[in-house]
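At position 217 of the sequence shown the residue is numbered 225 (the working numbering), and the sequence of numbers has no breaks.
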Amino acid sequence: MPDEIIGVAWAFCWGVAAASGVLIGAILGLITKLQHRSIATIMSLGAGVLLSAASVELASEALMLAGAAPTGVGILAGAATFSIANGALITARDRKRCGECKSQPSEADAPGSGSAIALGTALDAVPEALVLGISLRTSGPDLALVIALALANLPEALSGTAGMRLASRSTTYVLSLWSGIMLGTAVATALAFYSLSDLSPVTTALLKACGAGALIAMTAETMIPEAFHNGLRYSGVLVAAGFAALVLLGELAK
Numbered sequence: 009m010p011d012e013i014i015g016v017a018w019a020f021c022w023g024v025a026a027a028s029g030v031l032i033g034a035i036l037g038l039i040t041k042l043q044h045r046s047i048a049t050i051m052s053l054g055a056g057v058l059l060s061a062a063s064v065e066l067a068s069e070a071l072m073l074a075g076a077a078p079t080g081v082g083i084l085a086g087a088a089t090f091s092i093a094n095g096a097l098i099t100a101r102d103r104k105r106c107g108e109c110k111s112q113p114s115e116a117d118a119p120g121s122g123s124a125i126a127l128g129t130a131l132d133a134v135p136e137a138l139v140l141g142i143s144l145r146t147s148g149p150d151l152a153l154v155i156a157l158a159l160a161n162l163p164e165a166l167s168g169t170a171g172m173r174l175a176s177r178s179t180t181y182v183l184s185l186w187s188g189i190m191l192g193t194a195v196a197t198a199l200a201f202y203s204l205s206d207l208s209p210v211t212t213a214l215l216k217a218c219g220a221g222a223l224i225a226m227t228a229e230t231m232i233p234e235a236f237h238n239g240l241r242y243s244g245v246l247v248a249a250g251f252a253a254l255v256l257l258g259e260l261a262k
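In structure tokens form, the structure reads like this:
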């Protein structure tokens with residue numbers, strides 16, 4: 009039992025590390041006044057990193073363990089689950105927009121939108137916590153995955169915070185939201201680590217595939233719109249650069 013408690017605490021700490029980017033991004037969003045094009049540049053890199061994590065770190069492992077058909081089904085199931093849940097949060101669809109090119113709703117304009125944004129932001133953290141908890145349980149710390157999640161979380165919080173500020177949301181709301189997301193992600197990572205101890209390798213692979221699908225859908229629906237809306241003409245190159253950077257980091261971490 010003491011070893012299991014230590015393991016859960018260890019998973020919690022890795023969850024904090026992976027989610028630390030949200031708090032850093034939130035603070036940067038509050039103290040800086042970056043223009044949309046600068047935020048879009050950072051978001052493009054973050055989107056590439058997250059897509060690389062979903063494909064290289066997660067989907068490829070699931071493919072080797074479970075095969076093509078189960079992996080494909082898992083990816084589609086994860087993407088559909090996220091997309092349906094995200095679509096239900098109508099007033100939170102622009103929660104990662106910086107506010108310059110696409111305004112976030114204010115509480116005065118859309119009562120309850122603050123709660124919807126909080127729910128949407130929490131939804132974004134679920135697949136990250138799931139795949140990190142599974143990875144920690146099955147193969148130990150994956151430094152490339154942890155760094156990928158932390159780097160992807162930073163532009164999400166930076167852009168979202170800029171939009172919240174322009175929508176007249178208070179500093180207390182912003183910091184409370186992102187601090188709660190960081191701690192919530194860590195708790196969810198620890199719960200995933202604890203509860204998924206007796207799964208077969210194939211089941212674990214399918215869950216990784218689902219997590220990969222959810223991350224792909226999240227990137228497409230919540231990050232890429234900000235990255236490419238009136239962004240730089242070479243935004244696609246930046247996405248590829250983020251993708252390639254994680255591939256290289258994964259090799260160096262082996």
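Heads up, the beta-carbon is just placed ideally off N, CA and C, and yes, glycines get one too.
Given the structure is predicted, the values throughout are model-derived calculations rather than measurements.
- Only exposed fits Gln-43, as fewer than 16 other CB atoms lie within 10 angstroms of its CB.
- Between Leu-159 and Val-57 a beta carbon distance of about 5 angstroms is seen, short of the 8 angstroms cut, so the two are scored as contacting.
- Put simply, the region 197 to 216 touches the region 65 to 76. At least three CB pairs are less than 8 angstroms apart.
- Inclusion of Arg-103 and Gly-168 in the CB contact set at 8 angstroms is warranted, their separation being smaller than that value.
- Assigned with DSSP and collapsed to three states, Leu-204 falls in coil, not helix or strand.
- Burial of Ile-83 is indicated by the presence of at least 16 other C-beta atoms within 10 angstroms of its C-beta.
- Within its own chain, the residues whose Cβ lies closer than 7 angstroms to the Cβ of Val-16, once the five positions on either side in sequence are excluded, are Ala-198, Phe-201, Tyr-202, listed in chain order.
- Contact annotation, Gly-23 with Ala-194: C-beta distance approximately 3 angstroms; criterion of less than 8 angstroms satisfied.
- Here Leu-31 is buried, its C-beta having at least 16 other C-beta atoms within 10 Å.
- Distance from the CA of Ile-50 to the CA of Glu-234, rounded to the nearest whole angstrom, comes to 10 angstroms.
- Distance check between Ser-176 and each of Leu-166, Ala-116, Ile-224 places Ala-116 closest, using alpha-carbon atoms only.
- Taken through DSSP and simplified to helix, strand or coil, Gly-188 comes out as helix.
- The residues Ala-235, Ser-243, Leu-246, Val-247, in chain order, have a CB closer than 6 angstroms to that of Ser-52 in the same chain once the five nearest residues on each side in sequence are set aside.
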